[in-house]
Amino acid sequence: MRKNLLKLLALFLLAVSLAACGLLPEKIDETASWPAGKLYREAKDEMRSGNYEKAIEYYEKLESRYPFGVFAQQAQIDIAYAYYRDNEPAQALAAVERFIKLHPNHPNIDYMYYLRGLINFNDRVGLLNFAFRQDLSERDPKAAQDAFDSFKLLVTRYPDSVYSKDAIYRMKYLVTMLAKYEIHVAKYYYRRGAYLAAANRAQRAINNYPDSFVVEEALYILAESYKKLGLYDLSNDANRIFKQNYPDSKIPYGSNAKENPWWQFW
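Quick note, the sequence shown lines up with residues -19 to -1, 1 to 247 if you use mature numbering (1 follows the signal peptide of the UniProt record, and there is no 0).
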């Protein structure tokens, strides 16, 4: 009997809760009646206020409700930028790639290539890793390389773009960073006795960044690595080129010399 009463009580409470749910008013979408222009203006206001999540919400509603209107394509651009400012690089890159695919001949396509470069350039995890001197040999410089490729594409295809000058400046920094990364890895291998890997990495630095300051150190590592491997002819050749091009070099300085932090290369 007691069990039956408990069952009846449970059913009664369930019925009451369901009825109460039905009595609650539905959430009203205040934007339902907004025209495209108002949605766009409200989204821009949210952007200016730094409320990027709300701005993205409005832009997405604008695009879904008025996909062929004059504001739709601009909303797609602004969504990518809003994700970028909201520190959501994966979503920002996805939005950029989507726009480039849908509108390859858009008048503002140069900006989207520039934005793609910025998103990768400002990879927050990567910058923090550098700032706190994480061992660069443990970090894949893919974001830096992707940023460089985007900036290079921009300045190659759109040399007169208003974004090209800044892109070139950032490319110069990225070359320095990537070249320094190659040398760091070469030294990492050398210190651990992986002389063939060190030689290969030093040669790669010379081939990929022939005009960079790292060539001096790369030649020295190359010569020393070949010597450790017993490849004396190759070692002598590398050493000869090293002395010809850098007669006043301060290298050798010892394999355990302290490296400058990345930010001193600005």
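C-beta atoms are modelled at their ideal positions from N, C-alpha and C, and glycine is treated no differently.
Apart from the 5 residues on each side of it in sequence, Phe52 sits with its Cβ closer than 8 Å to the Cβ of Ala17, Gly18, Leu20, Tyr21 and Leu43 in its chain, given in chain order. For Glu197, the three-state secondary structure derived from DSSP is helix. Using a Cβ-Cβ distance cut-off of 8 Å, the segment 97 to 104 and the segment 156 to 165 are not in contact, since fewer than three pairs of beta carbons, one from each stretch, lie closer than that value. Contact check for Asp59 against Tyr33 fails: the beta carbons are separated by 7 Å or more.
Apart from the 5 residues on each side of it in sequence, Ala199 sits with its Cβ closer than 8 Å to the Cβ of Glu163, Ile164, Ala167, Ala183, Gln184, Ala186 and Ile187 in its chain, given in chain order. Closest by C-alpha distance to Glu205, out of Tyr190, Phe223, Asp192 and Asn189, is Phe223.
Its Cα nearest to that of Asn181, the residue Leu210 stands out among Leu210, Pro140, Ser45 and Ser14. Residue range Ala53 to Arg66 is occupied by the alpha helix (DSSP H) that includes Ile58. Under the three-state reduction of DSSP, Tyr213 is assigned to helix.
Annotated three-state conformation of Thr137 is helix, per DSSP. Residues Ala17 and Ala53 of the same chain have their beta carbon placed closer than 7 Å to that of Tyr47, with the five preceding and five following residues left out of the count. In the displayed model, Pro88 falls within coil according to three-state DSSP, outside both helix and strand. Taking every protein chain shown into account, the CB of Gln57 has 16 or more other CB atoms within 10 angstroms, so this residue is buried.
Annotation: Glu69 is outside any alpha helix (DSSP H) and is labelled neither H nor E by DSSP. Bounds of any alpha helix (DSSP H) do not take in Gly174, whose DSSP letter is neither H nor E. Counting C-beta atoms within 10 angstroms of its own C-beta, Ser45 has fewer than 16 neighbours from the protein chains shown and is therefore classed as exposed. Contact annotation, Ile202 with Tyr169: C-beta distance approximately 11 Å; criterion of less than 8 Å not satisfied.
For Tyr144, there is no enclosing alpha helix (DSSP H), as DSSP gives it neither H nor E.
Rounded to the nearest whole angstrom, the C-alpha separation of Asp229 and Ala175 is 28 Å. As the crow flies, the alpha-carbon of Lys35 is around 45 Å from that of Ser193. Minimum Cα-Cα distance from Pro191 among the listed residues Tyr213, Ala179, Lys208 and Lys161 corresponds to Lys161. With a threshold of 16 other beta carbon atoms within 10 Å, Phe49 falls short and is exposed.
Asn220 carries a helical assignment under DSSP once its states are collapsed to helix, strand and coil. Measuring C-alpha to C-alpha distances from Lys25 to each of Ala63, Arg79 and Thr12 identifies Ala63 as the nearest. If you compare the alpha carbons of Tyr39, Gly31 and Met28 with that of Ser14, the shortest gap goes to Tyr39.
Residues Tyr170 of the same chain have their beta carbon placed closer than 6 Å to that of Ala178, with the five preceding and five following residues left out of the count.
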